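FYI, full-length UniProt numbering numbers position 66 of the sequence shown as 66, with every residue one higher than the one before it.
We treat Cβ as the ideally placed atom computed from N, Cα and C, and that holds for glycine.
Keep in mind that this is a model prediction, so the values were computed, not measured.
Please read the structure below before turning to the comments.
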Amino acid sequence: MKSYYEVLDVSPDASVEDVKAAYRKRLLESHPDKGGEGVVSIDLIKKAYEVLSVPERAKAYWEELQESYKKQGFSITGAGLDVYTLELFDELETAEGLLWSRACPRCTSEGAMQLYEEDLENGTPDGLGGFQIMVSCASCSLWITVVYEEASDEEALEAPQDD
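Structure, rendered in structure tokens:
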């Protein structure tokens, strides 16, 4: 089965405007009067548009798609690395600042995957409104991709303050 990205012929980082333009194009191509083999059903085109035209839905769909491919043994990050969210890391306060750490998924060495706040500030935009960064295990050769979102000003204000 084709992904919604394939149905509309857009990339996962397509803007809402790009999705809308692709939707219109695919509807015209699939119009019953145009006829033709291999035409995508209008219902599928509409469903793809309903999901991909709303950034929150598109992001959730992308995450579901990644997870389903991961279960099948495929990685769709382009880098061939497993993808983890920052929420899967333990957050600790250290003398050097905030530290996120977790056990390595391969060698299971505790705290071998580490990210400091400064590392997160240097992440690469992921095309979906968040960021990504590659992290290596300190005990073995495994690399993973960590995806995360920038903390909003409200979240920063709600964070407990040391007095």
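Leaving aside the five residues before and after Leu27 along the sequence, list all residues of the same chain whose C-beta is less than 7 Å from its C-beta, in chain order.
Closer than 7 Å at the Cβ level, and outside the excluded window around Leu27, lie Ile42, Ile45.
Looking only at its chain, what residues have a beta carbon closer than 6 Å to the beta carbon of Lys59, apart from the 5 residues adjacent to it on each side?
Leu128.
Given a cut-off of 8 Å, decide if Val146 and Gly130 are closer than it, judged by their beta-carbon atoms.
Not in contact: Gly130 and Val146 (Cβ atoms no closer than 8 Å).
Starting from Arg102, trace the beta strand (DSSP E) in both directions and tell me its first and last residue.
97–102 is the extent of the beta strand (DSSP E) around Arg102.
Taking the straight line between their C-alpha atoms, what separation do you get for Ser136 and Ile144?
Their backbone Cα atoms lie some 7 Å apart in a straight line.
Counting only the same chain and skipping the five closest in sequence on each side, list residues whose C-beta sits under 6 Å from that of Pro160.
Per-residue confidence for Pro160 stands at a pLDDT of 49, beneath the threshold of 50, marking its modelled position as unreliable; the derived number appears in the next sentence. Here the set comprises nothing.
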